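Chains as they are written, first to last, in my numbering: chain A, 1130 to 1281; chain B, 1421 to 1915.
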């Protein structure tokens, strides 16, 4: 039944639309509004259902180039997941270790992981960039970034 | 305040030390980021928004406008030198720019691009100066139904003009609209889709969406392609000089495409990309020697460059005078306005003439700066193209993280950023265009408001949208814009 890619994608989107509609129907009503808060969400939910049904019956009209985009070698998928994990840890540690330290670690390891071989340049960039950004933001723009465990 | 007085105020702002300085910073940063393959004006503007916090809105917005047209200008450099357009608006530039570079005339190609862009930019600023105030004075009488219809038109135009399948573009817009319904409803105070999470009460910040769907999604593509582009194949620049014959050849296409590009930029949904393609195709069609196109033709390079820069200024017309963006990029720019507490729209010209006219007047200076930056400095600036990909990837991620953190100070938003990065990448993989999503996200809140205001005025009667001639016409045009792709589709099937 699910032959084309459009049909598979439609099914995922249909689930999203259904979930969204379900939540829309649970929205509390407000007695004095002519147009309540749930009108638009319900409309959007049904609109999405209609569009998804249309997509389900549409033939794939992608160009070869667009199709080729999905042919990602396994190695690259792993690289993507790894960078994803790097970013996750970056966010997780940001407020604990502070902006400068976390960013420096992130830039160095992420660039190194992705195949940057000039370690000295990497270290220089990884140290100077976060410091520069940190002081620009905290001193010049008056926006505080997490200080963390460093004394400044 | 009269128009003339306003224009003078604008030039005062633009020619002040502060004005000149921030235009310079804006166009420089814009050129810089626009040049990087994959990173376009949307990422450039989104990354620069945090920098404007705490700044006075006038210089801040003058700078952001500079980032925008600077990025379009800069995009042509990577198109010509690497055949890797930084943004879709300069794809057509590579058709003749890259062959020219391969023939050892990269310097000449860059010079032609810079001069065409300059002329396109300058002519269109003049037109912007005339058209924006006119449109403002018309739009001032628009009620909520007309505004709703106008935004509807903007949204349908961008979806119907998107690349690929119309249903995918529409789905993208609807989902963008759904995301904006998260948070406290402005009219009734009802919490919608917040799951009791305090971080979601104010909704999702547009920077999270802009940086996630564009910058981070682009990072994913860069990770996959990190080995593809060897940058050693940059060609020798050669002389920057343009001969008299070439100047003569350029003049026709540049003048024509400056006007046409501007008009296309004003129309909702069109913008730089479509203007540059149409510019290229038109010039090819009317050229005496069309077979020269694609092989390094001067006309073929000058036309899209004049057109895309003209369209960029043209896009400011609806943004400044109606407060309604016609493209993904101007939608993000509108976000920048709102972050600074400035609501663009018909009242901007009278309430904040220094901003309205300041931005317009600063574009003259900006275009001159771009010409200066690009002509003699191009060999040096283009070195940025040699930044190693792994380092570039890490730095773009860092900028995105700072951008979001500086606006919300919460790691929750950073996780959301990561999530939307994944969403943006998946959208690319399955060919769902992202601009309709961001435009719907930015317009969504305003659209819902004007929709409900209209219905409140009419006491719930939906006829209010078709009673007024303005809103009826706009809605019909919006619906009609879908007819074209559908008719085209049916024709294809028959054939």
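By construction, the Cβ of each residue, glycine as well, lies at the ideal position given by its N, Cα and C atoms.
Computed from a predicted model, the values in this text were never measured in an experiment.
| message | Can you pull out the residues from the region 1212-1230 of chain A whose beta carbon lies closer than 9 Å to at least one beta carbon of chain B? | response | For the region 1212-1230 of chain A, which is checked against every Cβ of chain B, the residues closer than 9 Å are 1212, 1213, 1215, 1216, 1217, 1219, 1220, 1221, 1223, 1224, 1228.
| field | Under 7 Å from the C-beta of residue 1471 of chain B: neighbouring residues of chain A | value | Within the second chain, numbered from 1, the residue matching residue 1471 of chain B stands at position 51. In chain order: 1270.
| field | Straight-line Cα distance separating residue 1226 of chain A from residue 1813 of chain B | value | As a position in the second chain, residue 1813 of chain B is number 393, starting the count at 1. As a position in the first chain, residue 1226 of chain A is number 97, starting the count at 1. Each residue's Cα considered, the two are about 22 Å apart.
| request: Entirely within the region 1467-1502 of chain B and at least 4 residues each: give me those alpha helix (DSSP H) ranges in chain order. | output: 1477-1502
| said: When you compare the CB of residue 1807 of chain B with every CB in chain A, is at least one pair closer than 7 Å? | reply: Residue numbering aside, residue 1807 of chain B sits at position 387 when the second chain is read from its first letter. By this cut-off, residue 1807 of chain B is not an interface position.
| query | Can you name the residues that DSSP bridges to residue 1603 of chain B? | reply | One-based indexing of the second chain puts residue 1603 of chain B at position 183. According to DSSP, residue 1603 of chain B bridges with B:1612.
| query | Do the CB positions of residue 1916 of chain B and residue 1746 of chain B come within less than 7 Å of each other? | reply | No answer is possible for residue 1916 of chain B: it lies beyond the span of chain B, which begins at 1421 and ends at 1915.
| query | Beta-carbon of residue 1194 of chain A versus every beta-carbon of chain B: anything under 7 Å? | reply | Here residue 1194 of chain A refers to the residue found at position 65 of the first chain. Chain B has no Cβ within less than 7 Å of the Cβ of residue 1194 of chain A.
| request: Output yes if chain B places a C-beta closer than 7 Å to the C-beta of residue 1139 of chain A; else output no. | output: Within the first chain, the letter at position 10 stands for residue 1139 of chain A. No, its Cβ sits nowhere closer than 7 Å to a Cβ of chain B.
| Residues of the region 1232-1247 of chain A whose Cβ lies closer than 7 Å to any Cβ of chain B, in chain order | 1232, 1235, 1236, 1239, 1240, 1243, 1244, 1245
| Helix, strand or coil: which one does DSSP assign to residue 1164 of chain A? | One-based indexing of the first chain puts residue 1164 of chain A at position 35. The answer is coil: DSSP assigns residue 1164 of chain A none of H, G, I, E or B.
| Proximal residues to residue 1462 of chain B (C-beta, below 7 Å), its chain only, five neighbours per side dropped | Within the second chain, residue 1462 of chain B is the residue found at index 42, counting from 1. Here the set comprises 1630, 1634, 1748, 1749, 1752.
| message | Quick check: what's the CA-CA separation for residue 1840 of chain B versus residue 1637 of chain B? | response | Sequence index remark: in the second chain, residue 1840 of chain B carries index 420 (1-based). Sequence index remark: in the second chain, residue 1637 of chain B carries index 217 (1-based). The straight-line gap from Cα to Cα measures roughly 8 Å.
| request: Compare the C-beta of residue 1166 of chain A against all C-beta atoms of chain B and say whether one is closer than 7 Å. | output: In the first chain, the residue the question calls residue 1166 of chain A occupies position 37. Any Cβ of chain B closer than 7 Å to the Cβ of residue 1166 of chain A would place that residue at the interface, and such an atom is present.
| Using the C-alpha atoms, what's the distance from residue 1164 of chain A back to residue 1602 of chain B? | Mapped onto the second chain, residue 1602 of chain B falls at position 182. Mapped onto the first chain, residue 1164 of chain A falls at position 35. Looking at the two C-alpha atoms, the distance is approximately 17 Å.
| field | Interface residues of chain A facing residue 1605 of chain B [CB-CB closer than 8 Å] | value | Counting from one through the second chain, the residue named residue 1605 of chain B turns up at place 185. Residues of chain A passing the Cβ test: 1166.
| message | Comparing C-alpha positions only, which one of B:1873, B:1515, B:1600, B:1455 sits nearest to residue 1713 of chain B? | response | If you number the second chain from 1, residue 1713 of chain B lands on position 293. For residue 1713 of chain B, the closest alpha carbon among the candidates B:1873, B:1515, B:1600, B:1455 is that of B:1515.
| From B:1632, B:1477, B:1879, pick the residue whose C-alpha is nearest to that of residue 1854 of chain B; which is it? | Position 434 of the second chain, counting from 1, holds the residue named residue 1854 of chain B. The shortest C-alpha separation from residue 1854 of chain B is found at B:1632.
| task | Note down, in chain order, every chain A residue with its Cβ under 7 Å from the Cβ of residue 1810 of chain B. | result | Within the second chain, the letter at position 390 stands for residue 1810 of chain B. The contacting residues are 1240, 1243, 1244, 1245.
| request: Taking residue 1254 of chain A as the query, report the chain B residues whose CB atoms sit under 9 Å from its CB, ordered along the chain. | output: Walking along the first chain from the start, residue 1254 of chain A turns up at place 125. Those within 9 Å of residue 1254 of chain A in chain B are 1811, 1814, 1815.
| request: For residue 1550 of chain B, count neighbouring Cβ atoms within 10 angstroms of its own Cβ and tell me buried if that reaches 16, exposed if not. | output: The residue labelled residue 1550 of chain B in the question sits at position 130 within the second chain. Of the other Cβ atoms in all chains shown, fewer than 16 fall within 10 Å of the Cβ of residue 1550 of chain B; this residue is therefore exposed.
| task | Compute the Euclidean distance between the alpha carbons of residue 1134 of chain A and residue 1189 of chain A, then round it to the nearest angstrom. | result | In the first chain, the residue the question calls residue 1134 of chain A occupies position 5. In the first chain, the residue the question calls residue 1189 of chain A occupies position 60. Their Cα atoms are separated by approximately 7 Å.
| request: With a 10 Å radius around its C-beta and 16 neighbouring C-beta atoms as the bar for buried, classify residue 1711 of chain B as buried or exposed. | output: Taking the first residue of the second chain as position 1, residue 1711 of chain B is located at position 291. Residue 1711 of chain B comes out exposed.
| said: Less than 7 Å between C-beta atoms, sequence neighbours within five positions excluded: which residues of the same chain meet that for residue 1795 of chain B? | reply: Residue numbering aside, residue 1795 of chain B sits at position 375 when the second chain is read from its first letter. Around residue 1795 of chain B: 1531, 1534, 1660.
| field | Supposed close pair residue 1728 of chain B, residue 1437 of chain B - CB separation, criterion 8 Å | value | As a working mapping, residue 1728 of chain B is identified with position 308 in the second chain. As a working mapping, residue 1437 of chain B is identified with position 17 in the second chain. Contact flag wrong, Cβ pair sits at about 31 Å.
| field | Per-residue DSSP class, three states only, for residue 1828 of chain B | value | Locating residue 1828 of chain B in the second chain gives position 408, counting from the first residue. Helix at residue 1828 of chain B.
| request: Would you please verify whether the beta carbon of residue 1577 of chain B is less than 7 Å from any beta carbon of chain A? | output: Residue mapping note: residue 1577 of chain B aligns to position 157 of the second chain, counting from 1. For residue 1577 of chain B, the answer is no, since every Cβ of chain A falls outside 7 Å of its Cβ.
| task | Could you pull out every residue in the same chain whose Cβ sits closer than 7 Å to the Cβ of residue 1620 of chain B, ignoring the five residues on either side in sequence? | result | Looking up residue 1620 of chain B in the second chain gives position 200. Excluding residues within five positions, the ones whose Cβ falls inside 7 Å are 1602, 1603, 1614.
| Which residues bound the alpha helix (DSSP H) around residue 1424 of chain B? | Position 4 of the second chain holds residue 1424 of chain B. In this chain, the alpha helix (DSSP H) harbouring residue 1424 of chain B covers 1423-1435.
| For chain B, is any of its Cβ atoms less than 7 Å away from the one on residue 1162 of chain A? | Position 33 of the first chain, counted from the start, is the residue given in the question as residue 1162 of chain A. Chain B has a Cβ within less than 7 Å of the Cβ of residue 1162 of chain A.
| request: Give the DSSP-derived three-state secondary structure of residue 1872 of chain B in the structure shown. | output: Your numbering for residue 1872 of chain B matches position 452 in the second chain. Helix, per DSSP.
| query | Closest Cβ-Cβ distance between residue 1173 of chain A and chain B: below 7 Å? | reply | Translated into positions along the first chain, residue 1173 of chain A becomes position 44. Judged by the 7 Å Cβ criterion, residue 1173 of chain A is in contact with chain B.
| In the region 1613-1644 of chain B, which residue ranges form an unbroken alpha helix (DSSP H) of at least 4 residues, counting only runs that do not cross its ends? | 1626-1630, 1637-1644
| Taking Cβ positions only, does residue 1838 of chain B come closer than 7 Å to chain A? | For the purposes of this step, residue 1838 of chain B is taken as residue 418 along the second chain, with counting starting at 1. True, the Cβ-Cβ gap to chain A drops below 7 Å.
| message | Can you give me the C-alpha to C-alpha distance between residue 1607 of chain B and residue 1823 of chain B, rounded to a whole angstrom? | response | Numbered from 1 along the second chain, position 187 holds the residue referred to as residue 1607 of chain B. Numbered from 1 along the second chain, position 403 holds the residue referred to as residue 1823 of chain B. Distance between the alpha carbons of residue 1607 of chain B and residue 1823 of chain B is about 29 Å.
| task | Output yes if chain B places a C-beta closer than 7 Å to the C-beta of residue 1201 of chain A; else output no. | result | As a working mapping, residue 1201 of chain A is identified with position 72 in the first chain. Output row for residue 1201 of chain A: interface = yes.
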